[in-house]
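From first to last, the protein sequence lines are chains A and B.
Counted the way this note's numbering counts, the first sequence spans residues 2 to 377.
Counted the way this note's numbering counts, the second sequence spans residues 24 to 311.
To start, the structure under review is shown below, and the notes come after it.
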Amino acid sequence: MNSTPQLDLHPDAESLSAFAEQALATQEREQVLTHLAGCSRCRQVIFLAQQAAADAQAPAPVPATRPAKQPETWFWNWRLAWVPAAALASALALVVTFHPRHTATAPEMAKVTPQSEGTIPARVPQERASAGAAHRPAPALTAKSLAGNADSAARNMPSEELAAPSAAPPAEFGASAPSTVQNHAVLPSSMFSSQQGETAQYRPEPAVTSWQQDQKQSSGSALSASVDASQVSQKSMRMEAYTAHASRKAASAGPRMVQQSQSAPGGSFDVATQQQLAGLSASRNANPPLPSGLAAVSRATAQNLALEIDRSGALFLSGDSGQHWEPVVQQWTGRAIEVRAKSVLSGSPTTAVIFELQNDAGSIWVSADGKTWTAQ
Amino acid sequence: MLDELWRESGAAAYGLEREQFREILERVAAAQNFGLTPGARASRQQQASFFRGLRLADLVLARACASGHPGAWEHFLAVYRQPLTRAAMAITGSETLGRDLADQLYAELYGLTTRDGVRRSPLDSYRGRGSLIGWLRTTLAQRHVDHHRRTRRELPLDDPADGYEPQAAVPEPDNPPAELLLLGKAIEEAFRQLDAEERFLLAAYYLDERTLLEIAPLLRVHEATISRKLHRVTGGLRKQIVRNLQALGLSKPAAQEALGADPRDLNLNLKKILQISSLDAFQEKAAT
Chain A
2 MNSTPQLDLH PDAESLSAFA EQALATQERE QVLTHLAGCS RCRQVIFLAQ QAAADAQAPA
62 PVPATRPAKQ PETWFWNWRL AWVPAAALAS ALALVVTFHP RHTATAPEMA KVTPQSEGTI
122 PARVPQERAS AGAAHRPAPA LTAKSLAGNA DSAARNMPSE ELAAPSAAPP AEFGASAPST
182 VQNHAVLPSS MFSSQQGETA QYRPEPAVTS WQQDQKQSSG SALSASVDAS QVSQKSMRME
242 AYTAHASRKA ASAGPRMVQQ SQSAPGGSFD VATQQQLAGL SASRNANPPL PSGLAAVSRA
302 TAQNLALEID RSGALFLSGD SGQHWEPVVQ QWTGRAIEVR AKSVLSGSPT TAVIFELQND
362 AGSIWVSADG KTWTAQ
Chain B
24 MLDELWRESG AAAYGLEREQ FREILERVAA AQNFGLTPGA RASRQQQASF FRGLRLADLV
84 LARACASGHP GAWEHFLAVY RQPLTRAAMA ITGSETLGRD LADQLYAELY GLTTRDGVRR
144 SPLDSYRGRG SLIGWLRTTL AQRHVDHHRR TRRELPLDDP ADGYEPQAAV PEPDNPPAEL
204 LLLGKAIEEA FRQLDAEERF LLAAYYLDER TLLEIAPLLR VHEATISRKL HRVTGGLRKQ
264 IVRNLQALGL SKPAAQEALG ADPRDLNLNL KKILQISSLD AFQEKAAT
C-alpha cells in the first residue's frame, strides 16, 4: 500500500481491490480500513467497485443491439402463440371425444325427416313398381355417403381403399366384402356378422338404409373430425356400446308394447292374430332373424303376411309367414314402435284385415298390404 | 518452487521465460515486502506463502499485456472487455459515460501514454494481490471518482448544480454554554477511542449513507452482524461520552442532560473528527 499518515495519499487500486477481496494480510487490512474510515473518496471508490462487481454477477442486461437477436425474438413471440394453439387443440380433442356420445343417441330416436303425406304414397308405388331395380340406387347412395363420411377418417389410408366403396356396384353392397371394409370398422360387429349370412339375398330398402345412414352419419361426423385411425376402433366400440344400450331399452320397452298390442282396442274385435310374447319368441327362434340382425319388438300377422318391427324401428314384411323378410320403406314419421293387425267389418261377409302401425309419438298409420301406409 | 509457479502461471503462453518470470516475482515481493510491514524480514515460509497467495495467471497476463504481447492482448480483450464495459456502466450509471470511461482506460492500459519515450501502462502496477478484474473495477472507480471530484470543484459559483452549494459561514456564538463545550470535547475523545472498523462503520453508515447490504460484503460478515455492530458502537459511544463528561467534571444527571442538547448547537464536524481519528490511529500503529 502506498498510504502514508497523510490522507492525501490514498491506497492504490490494488490495495483497495485486495481489501474488498479479503486478500490482504491482517496488518495491511487494518491500515486500509483505518484509511477508509477517514477518507470518503476511497470509501466511494471501494463501494463503487463493489457495486460494479455485484452488477456483474447479476444477469446480463439486454444489449442495445436488438436487431441481432431478431430471429430468437421471432421464435419467442411464436412460442407464446403455442399456448392458445394448445388450448384450441385441447378443446378440439374434447369436442371430438364427447361429440359422438351425443350423436350416438340420434339413431335411437330414429331420426327420419318427416315427409309430406301426399308425396309418400305416390312415390312408394313407383319404387315398388320397378321391383328391386329401383331400390338399387339407395344402397349405392348409402355406400357412397358412408365412403364420404369416412373419407376424412381414412385420409391416411391408401386412395384405392377410399375409391372402392363408391366404385363398387350397388348390388355388391352387402355381398362385396372389400367394398365394405371401412363400414365393418364402423358398424357393430354383431350387426355385421348377422348381415354376412343375409346380404347375399338382401338388398336394403331405404327404410333400412336411412337408419344405417343415420348411424353412419353420426359416426362419420365424428370420424371426420379425427384423422387418427385409432379413433375408428374407438368409434366402433362406442357403437357397440350404443347397440347394447338400445337393446336394453328395447328389452324394457318390449313387454310394454306387446301388452299394448294385446290390449289394443280393435275397433270391433281383436282378430287374435296378435302374437303372444311366448309365441313371438318361439317363432323367432324358428324363423330366420330380421335382415337388420336386431331383435323384433313388435309383430303382427294376418293370413300369410307378417310384419315385424325391430329395435331400431325398422319395419319388415314377410309374405311367407316369416320365412323371408324384406324391409318396408318408411312412410311414417318418427320411430315405429308397434304394429298390429285388426279386422274390420265391411259389407262383405269376409272380414278384412288391416295393419296398424304406431310411432313413438302415438300417431297411427294403417296399411292393407303392409307395404303402403297412410296416416290415420 | 519457482518452476512450479512458472508452470502454474502459464507464462510460457505469452513468451515469458523462466528468468523473466523470476524477475517479476522479485519486483512484486520487494514492493510489498512479502506482505509484511516495512523493515520486517520474511522467512522462507512467509515468502512461499506470499508467492502462493498471488494471482500468478493474472499477474503474468498483465505483464505480458503491458509489454505489448499480441496474444496476451487478444486473451485480455476476450476475457475482460465485456466485464470491464459493464463495470464502467455500473459505476457511472450511464451507458455513454461508461463506454467513454472504459475506452479511456483501455487507451491507458494499452500504453498510449509515453514517458521518456517509453510506453507506460497501468498494468505494470498490478502486483497480483487481488484479482485482475477487481483491480480493473477499482481503477475504473478511481478514475470516475477523481473525475467527478475534479469537475465538481470546477463548477461555477453561480450554478449550484449537483447539490453543491457553498456553505455560508455560520457565525459562532460568542459565549457558548459550558455544557456544549464539554460535550464537544467528550464526543471528540469518544470518537478518538474507536477502532478502525467502528469508525469505518459509522462513516459508511451515517456519513455516506450506505446500506447494511453494501457494507456487509466489504467486511465479509452478514448484514445483521453489521446492524448489531452499529447498535453496539452507538451504544458504547453514548456511554463513553457520558463517562467523558463525568471525567470533565459533570455529574451523571448533568451528563445525561447534556446528551439531550440540540446537535445543531454543537460546532462539530464529524467527518473531520473521523479523519483526525484515523490519522491518530495510523500514527499509533506506525509507532508500534
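Cβ coordinates follow ideal geometry from the N, Cα and C atoms, glycine included.
Nearest neighbour of residue i, chosen from the options [CA to CA]
i, options, result
"B:I296", "A:A21, A:A38, A:P12, A:F20", "A:A38"
"A:L291", "A:Q304, A:T302, A:L306, A:L316", "A:L316"
"A:E309", "A:A57, A:I338, A:W333", "A:I338"
"B:T162", "A:T334, A:A88, A:A53", "A:A53"
"A:D311", "A:D321, A:Q304, A:W326", "A:W326"
"A:K343", "A:T334, A:T302, A:S322", "A:T302"
"B:G319", "B:T108, B:V83, B:R255, B:T234", "Residue 319 of chain B lies beyond the residue range present for chain B, which begins at 24 and ends at 311; the question has no answer from this structure."
"B:D126", "B:L159, B:L155, B:R150, B:N267", "B:L159"
"B:A281", "B:L203, B:A113, B:A101, B:D218", "B:L203"
"A:I365", "A:S319, A:G335, A:R44", "A:G335"
"B:A36", "B:P93, B:Q68, B:G62", "B:P93"
"A:Q45", "A:A82, A:E31, A:A26, A:P12", "A:P12"
"A:P328", "A:V345, A:A307, A:R341", "A:A307"
"A:L10", "A:A26, A:S18, A:Q28, A:C43", "A:C43"
"A:V354", "A:A362, A:D361, A:D370", "A:D370"
"B:L291", "B:A54, B:L206, B:Y103", "B:L206"
"B:A239", "A:Q51, A:D321, A:C40, A:A86", "A:Q51"
"B:G58", "A:S16, A:A88, A:L318, A:A59", "A:S16"
"B:N267", "B:K208, B:R173, B:P200, B:R150", "B:K208"
"B:R150", "B:L230, B:V244, B:A52", "B:A52"
"A:Q379", "A:L318, A:G323, A:S299, A:S322", "Residue 379 of chain A cannot be examined here, being either before or after the span of chain A that is shown, 2 to 377."
"B:Y129", "B:E118, B:G140, B:Q105, B:V141", "B:Q105"
"A:W333", "A:G363, A:E31, A:T35", "A:G363"
"A:S322", "A:S91, A:F356, A:N305, A:A59", "A:N305"
"B:T115", "A:D56, A:A87, A:F99", "A:D56"
In DSSP terms, what residue i is bridged to
i, result
"A:W366", "A:L358, A:A376"
"A:D311", "A:A297"
"A:V345", "A:A353"
"A:T302", "A:A307"
"A:T317", "Per the sequence shown, the amino acid found at residue 317 of chain A is Phe instead of Thr. DSSP, once it has assigned bridges, lists A:E309, A:P328 as partnering A:F317."
"A:V1", "For residue 1 of chain A there is no data in the structure shown, the boundaries of chain A being 2 and 377."
"A:E339", "A:Q359"
First through last residue of the alpha helix (DSSP H) which encompasses residue i
i, result
"A:S18", "14-21"
"B:L206", "201-215"
"B:P240", "235-242"
"B:L25", "25-32"
"A:T27", "27-39"
"B:W96", "93-115"
"B:F57", "Here B:F57 belongs to no alpha helix (DSSP H), and DSSP marks it neither H nor E."
"B:N290", "Neither: B:N290 is in no alpha helix (DSSP H) and is coded neither H nor E."
"B:P276", "275-281"
"B:H254", "246-270"
"B:S72", "67-75"
"B:L221", "Leu is not the amino acid found at residue 221 of chain B; the sequence shown has Glu there. First-last of the alpha helix (DSSP H) with B:E221: 219-225."
"B:R78", "Counting along the chain, B:R78 falls outside any alpha helix (DSSP H), and DSSP gives it neither H nor E."
Report task. Could you name the residues of the region 9-30 of chain A whose beta carbon sits closer than 9 Å to any beta carbon of chain B, in the order they occur along the chain? Result -> H11, D13, A14, E15, S16, L17, S18, A19, F20, A21, E22, Q23, A24, L25, A26, Q28, E29
**Report entry** Residues within the region 63-86 of chain B neighbouring chain A, beta-carbon criterion of under 8 Å
**Finding:** G76
Requested in this report: Count the CB pairs spanning the region 160-175 of chain B and the region 243-251 of chain B that are closer than 8 Å, and state whether there are at least three.
Outcome: no
Report task. Using a Cβ-Cβ cut-off of less than 9 Å, list which residues of the region 220-250 of chain B approach chain A; keep chain order. Result -> E220, E221, R222, F223, L224, L225, A226, A227, L230, D231, R233, E237, I238, P240, L241, L242, R243
**Report entry** Segment contact, 8 Å Cβ cut-off, at least three pairs: the region 86-101 of chain B with the region 138-151 of chain B
**Finding:** yes
Query - Short-range partners of chain A found in the region 102-114 of chain B, where Cβ spacing is below 7 Å - result: P106, R109, A110, A113, I114
Query raised in the report: Does the region 34-52 of chain B touch the region 363-376 of chain A, meaning 3 or more C-beta pairs lie closer than 8 Å?
Result: no
Query - Contacting positions in the region 36-58 of chain A - beta carbon closer than 9 Å to chain B - result: H36, L37, A38, G39, C40, S41, R42, C43, R44, Q45, V46, I47, F48, L49, A50, Q51, Q52, A53, A54, A55, D56, A57
Query raised in the report: Hey, is the region 9-23 of chain A in contact with the region 69-78 of chain B, meaning 3+ C-beta pairs nearer than 8 Å?
Result: no
Report task. Closer than 9 Å, Cβ to Cβ, to anything on chain A: give me those residues from the region 163-176 of chain B, in chain order. Result -> L163, A164, Q165, H167, V168, D169, H171, R172
Requested in this report: Decide yes or no for the touch test of the region 206-223 of chain B against the region 255-271 of chain B: beta carbon pairs closer than 8 Å, at least 3 of them.
Outcome: yes
Requested in this report: Would you list, in chain order, the members of the region 46-60 of chain B that have their beta-carbon closer than 7 Å to a beta-carbon of chain A?
Outcome: G58, T60
Requested in this report: Residues of the region 139-150 of chain B with a CB closer than 9 Å to any CB of chain A: list them in chain order, please.
Outcome: P145, S148, Y149, R150
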